[in-house]
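Residue numbers (the numbering used here), protein chains in the order written: chain X, -6 to 301; chain L, 3 to 302; chain G, 114 to 458.
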Amino acid sequence: MTDVLQAVLIMVLVAVLVFLIVRLIPGDPAQQVLGQKATPRAVAALRHQLGLDRSLPAQLWSYFTGLLHGRMGSSLVEQGVTVSSLVLSGLGVTLTVVAATVVLSVAAGVPAGLWSVLSRLPGLDVGVRGLSVVLLASPPFFVGLLLILVFSLELHALPAGGWGAHAAADARYLLLPAVALSCYLGPVIVRATRQSALAAARQPFVEATLARGISPRRVVLAHILPNSLLPLITLVGLNIGWLISGAVVVEAVFALPGIGQVLVQAVSELDYTVIQGVAIVTALVVVLANLLADVAYTVVDPRIRHGR
Amino acid sequence: MSVLAGTGAPAGRARRALMFSGVRRAVGRSAAVRAGGGLLILIIGACVLVPVFWPDATNAFVTAPFAPPSLAHPFGSDDLGRDVFVRTLAGGRIDIAVAAAVVAISCTAGTIIGACAGSSKRRWASLTVARLVDAFIAFPYLVTILVLVVIVGPSAQIGPAPRGLTAVLIAFLVLGWTFYARLARAEAMTIRQRDYIVAAEILGYPRRKIIFRHILPGVVPVTIAYAVADAILTMGALSSFAFLGVGVQPPTPEWGAIMYEGRAYLDSAWWITVCPGLLLALTGFALSLLADGLLRGADD
Amino acid sequence: MTERVPPAAAGSERRPAAALAVDGLAVAAAGRPVLRDVCFRLEPGSCLGLVGETGAGKTMACRAITGRLTRIGVTVTGGSVRYGGIDLLAQSPARWRRLYGRRIGLVPQNSLGSLDPVMKVGRQVRETLRELDPGAPHDARAAELLEMVHLPRPRQVLGAYPHELSGGMRQRLMIALALAGRPDLLVADEPTSALDMTVQHGIVDLLAELRAATGMSTIFVTHDLSVVESIAEQIAVMYAGTVVESGPAPVILTAPRHPYTRALLAARPTRAQRGARLAAIPGQPRPLAPGLAGCQFAERCPLASDQCRAEVPPLAEQGPGHRSACWHAADVPAADRHDAPGAGA
Chain X
-6 MTDVLQAVLI MVLVAVLVFL IVRLIPGDPA QQVLGQKATP RAVAALRHQL
44 GLDRSLPAQL WSYFTGLLHG RMGSSLVEQG VTVSSLVLSG LGVTLTVVAA
94 TVVLSVAAGV PAGLWSVLSR LPGLDVGVRG LSVVLLASPP FFVGLLLILV
144 FSLELHALPA GGWGAHAAAD ARYLLLPAVA LSCYLGPVIV RATRQSALAA
194 ARQPFVEATL ARGISPRRVV LAHILPNSLL PLITLVGLNI GWLISGAVVV
244 EAVFALPGIG QVLVQAVSEL DYTVIQGVAI VTALVVVLAN LLADVAYTVV
294 DPRIRHGR
Chain L
3 MSVLAGTGAP AGRARRALMF SGVRRAVGRS AAVRAGGGLL ILIIGACVLV
53 PVFWPDATNA FVTAPFAPPS LAHPFGSDDL GRDVFVRTLA GGRIDIAVAA
103 AVVAISCTAG TIIGACAGSS KRRWASLTVA RLVDAFIAFP YLVTILVLVV
153 IVGPSAQIGP APRGLTAVLI AFLVLGWTFY ARLARAEAMT IRQRDYIVAA
203 EILGYPRRKI IFRHILPGVV PVTIAYAVAD AILTMGALSS FAFLGVGVQP
253 PTPEWGAIMY EGRAYLDSAW WITVCPGLLL ALTGFALSLL ADGLLRGADD
Chain G
114 MTERVPPAAA GSERRPAAAL AVDGLAVAAA GRPVLRDVCF RLEPGSCLGL
164 VGETGAGKTM ACRAITGRLT RIGVTVTGGS VRYGGIDLLA QSPARWRRLY
214 GRRIGLVPQN SLGSLDPVMK VGRQVRETLR ELDPGAPHDA RAAELLEMVH
264 LPRPRQVLGA YPHELSGGMR QRLMIALALA GRPDLLVADE PTSALDMTVQ
314 HGIVDLLAEL RAATGMSTIF VTHDLSVVES IAEQIAVMYA GTVVESGPAP
364 VILTAPRHPY TRALLAARPT RAQRGARLAA IPGQPRPLAP GLAGCQFAER
414 CPLASDQCRA EVPPLAEQGP GHRSACWHAA DVPAADRHDA PGAGA
């Protein structure tokens, strides 16, 4: 319950910070959008559309009531297009990429981390750790460019960018961006799995279970694995923000119509309402992801569930 | 005086020694730290020196366009016939200098703010900082940076900074301290519970003395360990900006800007994009080695 | 506690217990000796109390008997451990898997840490039964096992997570799990140390009852002599990595032939007179000091002479089955309940 209250408090603070965005811009935002040559009438009209001609409390009130009804105004540049429609269409693409990245990273990172701890192959652990350091040091956009170079331009196996018209085609467009982003999340997962598997393997119950005659394979799969998966829930939740950041760049490299592209375009056109919309929606996603991870952890770990 | 029995406050000087002995031990013993440090010094040295010896080569058209890597031009040439090797090393100056400056300032400010908030007697002060930081961090990093660039004005310029860099720099600094403040506050709050701090408070030591003598030395290793990872992140973000339409503007060389220009020719002249990228990854790798070694040194 | 015969006794195809012989066992961790010349013998079907202070090497001896030394990076440097015809020091991990549960059962000290915290108790019991007793109907066997260790309301226990059970219940559960494969040797490593006094007695009574019903041999490790009084037929006392005295329990408890045993007896809280200070052994217990010449106990011993500080006393015969490693064995006073504090001086 305190988790939920805290999340709500943070969301309110987030909304206030976003409200301040336009008000903090030095000079007159309306003038900046329209340029120096704009007529005073056009500037006044835009100030009215932004609500800047009213008193600050009135602005804050209408801003919050609008938010609660899901209204975030309309684009300053594209006439008649609401911010929510722009933001939500982009968010769908971005969250698809993020979800694919999480699936890919967990599917590859957990076995790699577990294997590197438990295998007696010499050098395997060092190899896995070295690879994850190298991948972590390479920014996702560079990995993305390398992937385009190899898989699109040399091998002609996958498209270099774009987004399909239907779901089946999207899978092909999704793969390279998700792999590029997995080069960030994958090593994080490998590292955490390694640590928690090592910690779990050192717990006395592992030895006690082995001393009951249970096979080592079963001890790994039924005891060490579930115990080392628990911390990953929190880890993925904490990394959603970073994944969205990475997605913003990766979308630019692969020309995906995600929320990052919406933001980049809005930034280049000084489309303040859209910028506000992207900021508040991405922050909402991050706060909700963390809340969800907390809740999921309490559901999965019996010690916490009963401890409360 | 029985309260003090067994509290064992390490003396200020001893604590400072303690705080650096971990680092010193790690440097002396760990091959990873030596390899990472050596590699980093090599890269920084090349970035500083090479453009000095070929001062004209940075923006001059020295050879045919799209010349593949050769002995004379190890990274080949770009679409205008400029030497990618010299441009990459010149660009490294900006990336490394910005990362170093941003990390140094953010780390110092964030550590002090966090340590003060974490050790403050006033609950509301501590909580205000915590919630504010939470709200800041709730936004995805790059979204915050882009919004801050917009607020500052993408074309703002202060002093001799290259075009487009000022807004980015300010955005980095406005956001950067928050991560350190969160870490430092959490660490300070655990240190505050220890017996020797409680004892010092009971004895009426001035708060400033407690913070600087006893709490900061415990907090600094934690934030410094994060600083190395932050440097990698800052470099990656800075070089991403070219792809997002903000940041350093051409013709000033910067890793991301060079890669963005080369991206159009990826299928015919891959070296323009790949070579600066590899140097960027190599710098990150050197920093990771350093961070891993230092962390392990601080642990034991 | 109860008069019932535990169900496991009936119709079990348990092997007859064999004799366990530990002879000259020496182990080392990272080059430093931890155990030196450990000797004791456990007759088939009897119970041995392995007693000593923390750090005396009891748990290490247990690990050697149960094939768990290499896991913690400790190596055997000499001696033998034989159980029946089996050389326990020469078994591969795969061979140990066949022995665990089926021949040798282990009751660990830390019952909470020894159960998977995120798996319900029932699954852990069934998992063990599937491995050790594949033919039997698991639900019935699980209920039977819980009844055997007098755990009430089996459905609730099986549906609980380990942290939801009390320490005493968990320890009963650990005993049930150790007995699931009907072993003929049970090694209980400080099974009562983490429990309250009253719960301790319940566990000791349970082990005595199960032993009588099944005929298995038992090693009961404890730092508290008074705990083994009622259950052990043989007692081996360890100090600083070696056995200093061993023999039949009644003899050890009344006529010890080693000053350390004598001091342990005097320090038992149950024997102390009301209002009197508990006897304490002067000095600190410490692990085996390899460089030290002579008897390891000499520095704390009231009887120590120059000979004690120069020569290691051999484990010498003092009576039928009674051995003690002391140069002054004959001078150790008998134990009685009116000991003055610090007696033996």
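Even for Gly, the Cβ is constructed at its ideal location relative to N, Cα and C.
1) By a C-beta neighbour count over all protein chains shown, 10 Å radius and 16 as the cutoff for buried, is T335 of chain G buried or exposed?
2) Are there 16 or more other CB atoms within 10 angstroms of the CB of A192 of chain X, so buried, or fewer, so exposed?
3) Considering T110 of chain L, what are the terminal residues of the alpha helix (DSSP H) in which it resides?
4) Closer than 6 Å by C-beta to A23 of chain X: which residues in its own chain qualify, once you throw out the five before and the five after it? Chain order, please.
5) To the nearest angstrom, report how far apart G83 of chain X and R89 of chain L are at their CA atoms.
6) With a 10 Å radius around its C-beta and 16 neighbouring C-beta atoms as the bar for buried, classify L370 of chain X as buried or exposed.
7) Using a Cβ cut-off of 8 Å (strictly closer), state whether P170 of chain X contacts chain L.
8) Would you tell me roughly how many angstroms separate the C-alpha atoms of L148 of chain G and L201 of chain G, rounded to the nearest one?
9) Looking only at its chain, what residues have a beta carbon closer than 7 Å to the beta carbon of S68 of chain X, apart from the 5 residues adjacent to it on each side?
10) Pairing CB atoms from the stretch 74 to 91 of chain L with CB atoms from the stretch 152 to 163 of chain L, are three or more of them under 8 Å?
11) So R283 of chain G packs on L225 of chain G, CB below 8 Å; how close in whole Å?
12) Using the DSSP secondary-structure output, state which residues sit across from V143 of chain X in a beta bridge.
13) Under the rule that 16 or more other beta-carbon atoms within 10 Å means buried, what is I43 of chain L, buried or exposed?
14) Between the beta-carbon of T188 of chain G and the beta-carbon of A141 of chain G, is there less than 8 Å?
15) Quick one: does L296 of chain L have its CB under 8 Å from some CB of chain X?
16) At which residues does the alpha helix (DSSP H) containing R125 of chain L begin and terminate?
17) Tell me, to the nearest whole angstrom, how far the beta carbon of A282 of chain X is from that of G154 of chain X; I am working on the premise that it is less than 8 Å.
18) Ends of the alpha helix (DSSP H) at T58 of chain X?
19) How long is the line joining the alpha carbons of G192 of chain G and L278 of chain G, rounded to whole angstroms?
20) Quick check: the stretch 285 to 297 of chain L against the stretch 120 to 138 of chain X, are at least 3 beta-carbon pairs closer than 8 Å?
21) Counting only C-beta atoms, is S279 of chain G closer than 8 Å to chain X at any point?
22) Assuming L198 of chain X contacts L228 of chain G (C-beta within less than 8 Å), just tell me the rounded distance between them.
23) Cβ of G294 of chain G less than 8 Å from any chain X Cβ?
24) Thinking just about the alpha-carbon of each residue, which of L:A201, L:L185, L:W273, L:L240 is nearest to the one in P223 of chain L?
25) Of all the CB atoms in chain L, is at least one closer than 8 Å to the CB of T227 of chain X?
26) Near V11 of chain X, which residues of its chain fall below 8 Å by C-beta distance, leaving aside the five closest residues on each side in sequence?
27) Establish whether the CB of V194 of chain G and some CB of chain X are separated by less than 8 Å.
28) Quick check on D309 of chain G: buried or exposed, where buried means 16 or more other Cβ atoms within 10 Å of its Cβ?
29) Chain G partners of P224 of chain X, CB-CB under 7 Å?
30) Under DSSP, the beta strand (DSSP E) around P361 of chain G begins and ends at which residues?
31) Taking all protein chains shown into account, decide if V(-3) of chain X is buried (16 or more other Cβ within 10 angstroms of its Cβ) or exposed.
32) Could you tell me the alpha carbon to alpha carbon distance between P415 of chain G and D136 of chain G, rounded to whole angstroms?
33) Would you check if the stretch 155 to 168 of chain G and the stretch 347 to 356 of chain G touch, i.e. whether three or more CB-CB distances between them fall below 8 Å?
34) DSSP three-state label for V11 of chain X, please.
35) Per DSSP, what kind of secondary structure is P170 of chain X in: helix, strand or coil?
36) I want to verify the contact list: residues of chain G whose CB lies under 7 Å from the CB of I207 of chain X, in sequence order.
For this structure:
1) buried
2) exposed
3) 86 to 121
4) V36, L39, R40
5) 36 Å
6) Past the edges of chain X, shown from -6 to 301, lies residue 370 of chain X, and the structure says nothing about it.
7) no
8) 17 Å
9) V74, V76, L79, D264, T266, V267
10) no
11) 6 Å
12) In DSSP, V143 of chain X forms no bridge with anything.
13) exposed
14) yes
15) no
16) 125 to 140
17) Their Cβ separation, rounded to whole angstroms, is 26 Å, which puts A282 of chain X and G154 of chain X out of contact at 8 Å.
18) 49 to 61
19) 41 Å
20) yes
21) no
22) It should be noted that the sequence gives Phe, not Leu, for residue 198 of chain X. About 6 Å; that satisfies the 8 Å criterion.
23) yes
24) L:L185
25) no
26) Q269, A272, I273, A276
27) no
28) exposed
29) Those do not exist, as P224 of chain X stays about 12 Å from chain G at its closest Cβ, beyond 7 Å.
30) 355 to 361
31) exposed
32) 29 Å
33) yes
34) helix
35) helix
36) E240, T241, E244
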